[in-house]
Structure formats: structure tokens, C-alpha cells
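Chemist: Chains as they are written, first to last, in this note's numbering: chain A, 258 to 465; chain B, 258 to 465. Ideal Cβ placement from N, Cα and C applies to all residues, glycine included. Keep in mind it's a predicted model, so treat the numbers as computed, not measured. Below you will find the structure I want to go over with you.
Protein chains: 2
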Amino acid sequence: MPRPRSLTQDQLAAGALAVIDRDGLAALSMRTVAKELGMSPMGLYRYVSDRDELEELVVEHVLGSVDAGTPTTATSWQERIEIMAGRLRDGVIAHPEAIPLTVLHRHRSLAGLRWSETVLGILTEAGIDGRRRVVALRALHGYVTGAIQLEHLGPLAGEGTAAIAALPAAGFPHLTETARSAGEVGPDEEFFGGLRLLLRGLTGEPSP
Amino acid sequence: MPRPRSLTQDQLAAGALAVIDRDGLAALSMRTVAKELGMSPMGLYRYVSDRDELEELVVEHVLGSVDAGTPTTATSWQERIEIMAGRLRDGVIAHPEAIPLTVLHRHRSLAGLRWSETVLGILTEAGIDGRRRVVALRALHGYVTGAIQLEHLGPLAGEGTAAIAALPAAGFPHLTETARSAGEVGPDEEFFGGLRLLLRGLTGEPSP
DNA sequence: ACCTGAACACCGTTCAAGT
DNA sequence: ACCTGAACACCGTTCAAGT
């Protein structure tokens, strides 16, 4: 005798994300999510074929919160891309414990592809096309992904904290010196500063 | 009655890496590594305090194979940075299954810090210092990390294969079109093309 | 059709013991 | 000091059964 599904896929994703946000990524398991939702562990398999699919659902949920609409307030295409990068960063950083999952599954996510589509539109509008546009999208995607992760693993000031502080200053003169100036650079300046380097490189002539 | 250690830390790392290379990252466990080395699972705890430390050892082993010496053949500082990035990419890609570990632990690795030290030296020599140098290192680090991961997760042509092919072309006009030109762009052009964008942005005046 | 419970083959790690 | 073996509290997933 058919019973109605008690959950939507989004509720499942939200339950899993609640476990991650509260207890950390290591605590994520079919069993803990089932408990969070008041089901038996095997009940989840009605919604998802394995753990990997549960993870994809979580990422879809996180990236689904990112506004993929073309920014209208910005005056230049560079600014529009900065806004897109900032939105993605904000959405991902809102669930720091999920970052490894987000990075891992981002490229299979529909919401992630919507972000890429909008960025491609902005690049096209800027007169970038063909192979140059492919390289530009990949570079932006790679930078944003890597920068968010690095920020999560610890700022350079933090990278210094544990590892660099214990470093033989003689063997690492530049690193120890840079670690000192790193304290003045906040995460926003770091993220958008690096992004602007990329955009500036993109702006010049088609290259030699 | 004291017995000599039967293993070096490097042999332990090599054993773990052998498991990863042969059977994938999911197969890595204290038990499988112990079996690989002909020990009981608990024997490993003489060398390493937990699984996390075993992972760090693996990453140290992988990054330890990367030549961190300043390149001497290159004629420009940009070329020297390209060589450094290429060496890191080659070293990491040699163990594709270990990439998630490499990314995760890279910032705590001594060999990783040696790479950063050399890159900082090249940047300094190029006249980049202070906060600009901090931002430059982080941007390079972020880009290289992200680009290697993206390459491992699948090229844009591959990102297209599964996901983009199944995409409603109407809703994703740029993405479907770009996926077509993506086939012409090989992984090297993609990696170094993006890197050169960054370097070109770095080369201009100190910025507005 | 939706969900449960027992069972299987795994984990990382603690603890007590062997040489 | 180095290593082992049993045990504990976990995993993901299969399979048979309940409503």
C-alpha cells in the first residue's frame, strides 16, 4: 500500500548540512543524517543511491543559494565578474565545514554551471571568445576555487602561525619576512586583490 | 629489550602512497597500509600518532620530489615562476589519486614551504614587495592549487561530457558553445594560459 | 511504495600483553 | 622499545521483512 514520501530532496540536503554545520564534516554519515531526520539509516536510500549522491545534494543546496543572475549595478565587466566571484565565495564560506565537498562536487552541480554560464556571458560581452574564453573561464574557476580553499585552510598569517613560526628563519628568509607583512592583509583584500590581478591580465591585448 | 625500528618514516609514506596509487584514495586505511608493509595495524602507531599524520607524511613524500631550487635557465622572472608552477604540477599529477590529500596538507608541508620560499625570492627579485608580494604569492598559490584540482576533476571538455551534454542548450547558450571550443584546448595550454594571465596582471604598474 | 532491522565487511583507535 | 591481538564504537551497504 503506497505511502507518500515523507521528505523532499531539499529537506534531506538541509538535514545533512545541519549535521555538517553543527558537528563537522567528519560527523557526516548515512547514520547521523538519518538520526537528524528521524529515520532509519536505510530510509535514506529511498532518496539517494549512495553516500556520494547525498554529498552532491548537499553541494547543490549550498550552491543553489548563490545568486547566478547577471549583476546589473556594476559599471564595468570586471566589476560584474568580481561580484559573481564574491557571491560564490560568500555562499561557500557560509558553510565552511562543507568546503571540501563543495570543491569536490562543484563541477557536477547545476547551480555551479549556472554560475559559469553567467560568467561566460560577461566574458563574451567583454569581447573575449574562442580559446581565450575557455582559458579565461578555467582560470577564474581555478583561482576562485583555490583561493576559497586556501582561505579556509588558514590565511597566510595563519599559515605562518603554526608552520612558519617554527621555521628556521635562516633557510626561509623571504617567507618569514612575508609572514610579517601578511598580518596587514585581510581576507577580502587577499581574495579580490588576487582576482584583480587575473582580471588585469585578461584585459590587455590578446597576448604575444 | 630494545629492538631497532624496522621502518623509516619515508618507507611508511612510500607504502601508503603505493596503496593510494594502486587501489585509490578510498582504499587508504591504517589497516591496508599495515598489510602493505607486513605489519600489524597497530604497528604504525609507533611512527605516526594518527591517520592524519600518516596523510601528512604522504604529502611530504609527494612534494619532497618537487625540485624547489631557483630555476637558472629561464631568462625572465615570469618564466622562472612558470617553471616553478610546472614542477609543482608535475609532482602532484604524478600521484593523481593523492591530489585531495596533497591540496589539504600542502600548506603544512615543509617541502611546500620551500616551494613558496623560492617563488617569493623570484617575486622579490622582480621588484614586488610588501602587501603586493603577499597578495601575489597567495594568488599564485590559489591558482595553482585550484587549477590542478580542476584538471584532475576533468577538463572543461570533460566537465562538458557528462553534465554539459545533458544540459538544456537553451538555458545555457554560452556554456554549450564554449564546451565545443574547449576540445581544442589541451591541459597544458589551459594551465599555463591561465597562469600567464595572472603573471601579466602582476607585471603592470602597482595598480590604481 | 515507503521504511525498518539484522547482518556483513569494513573503519580508527584504546588497552593489555608479548619479546 | 618495538610490535601484536583482542576489543570497542563506529562506518556504508545488502538483503529480507513489515505496513
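For the stretch 273-286 of chain A against the stretch 338-355 of chain A, do three or more pairs of beta-carbon atoms, one drawn from each stretch, fall closer than 8 Å, so that the two count as touching?
Modeler: yes
Chemist: Taking Cβ positions, are T375(A) and G321(A) nearer each other than 9 Å?
Modeler: no
Chemist: Can you list, in chain order, the stretches of the alpha helix (DSSP H) that have 4 or more residues and sit fully within the stretch 354-395 of chain B?
Modeler: Runs found: 356-362 and 367-382.
Chemist: Alpha carbon to alpha carbon, what distance is there between R288(B) and G300(B)?
Modeler: 10 Å
Chemist: For R390(B), return the contacting residues in chain A, with the cut-off set at a CB-CB distance below 8 Å.
Modeler: Under the 8 Å cutoff, chain A gives T435 and S438.
Chemist: If L469(B) sits next to L394(B), beta carbons under 8 Å apart, how far is it from one beta carbon to the other, in whole angstroms?
Modeler: The question about residue 469(B) has no answer here: the residues shown for chain B are numbered 258 through 465.
Chemist: So, under 8 Å CB-CB, V316(B) and R363(B) are touching, yes? Tell me the CB distance rounded to an integer number of Å.
Modeler: Distance from V316(B) to R363(B) at the Cβ level is roughly 6 Å; contact confirmed, criterion being Cβ atoms closer than 8 Å.
Chemist: Helix, strand or coil for Y304(B) per DSSP?
Modeler: coil
Chemist: Does any residue of chain B have a CB that is nearer than 9 Å to the CB of E446(A)?
Modeler: Chain B contact via Cβ: present.
Chemist: Among residues of its own chain, excluding the 5 on either side of V401(A), which ones have a beta-carbon nearer than 8 Å to its beta-carbon?
Modeler: A342, L345, R346 and L452
Chemist: So which residues of chain A does G451(B) contact, with C-beta pairs closer than 7 Å?
Modeler: V392, R395, A396 and G399
Chemist: Let me know the secondary structure DSSP gives F429(A) once reduced to three states.
Modeler: Here DSSP, grouped into helix, strand and coil, assigns F429(A) to coil.
Chemist: What residues from chain A crowd round S373(B), counting only those whose CB sits closer than 7 Å?
Modeler: Among the residues of chain A, those whose CB is under 7 Å from the CB of S373(B) are L432, following chain order.
Chemist: Which chain A residues sit within Cβ distance under 7 Å of T381(B)?
Modeler: H431
Chemist: Cβ of G458(B) within 9 Å of Cβ of R457(A)?
Modeler: Yes. Within cutoff.
Chemist: Would you identify the three-state DSSP class for E408(A), choosing helix, strand or coil?
Modeler: Of the three classes helix, strand and coil, the one that applies to E408(A) here is helix, per DSSP.
Chemist: Who are the near neighbours of F448(A) in its chain, counting only those whose CB is closer than 6 Å to its CB and skipping five residues on each side?
Modeler: A404
Chemist: Just checking: is the beta-carbon of H318(A) within a distance shorter than 9 Å of some beta-carbon in chain B?
Modeler: no
Chemist: Between L294(B) and L314(B), is the Cβ-Cβ spacing less than 9 Å?
Modeler: no
Chemist: Determine, using beta carbons only, whether L282(B) and L455(A) come nearer to each other than 9 Å.
Modeler: no
Chemist: Would you mind giving the Cβ-Cβ distance between Q406(B) and V360(B), rounded to the nearest angstrom? I have them listed as a contact below 8 Å.
Modeler: 6 Å
Chemist: Just to confirm my understanding: we take D278(A), look at its own chain, exclude 5 residues before and 5 after, and list those with CB closer than 7 Å. What are they?
Modeler: H352 and E354
Chemist: Looking at chain B, is there any beta carbon in it that lies within less than 9 Å of the beta carbon of R457(A)?
Modeler: yes
Chemist: Does the beta-carbon distance from W334(B) to A396(B) come in below 9 Å?
Modeler: For W334(B) and A396(B), no; Cβs fall outside 9 Å.
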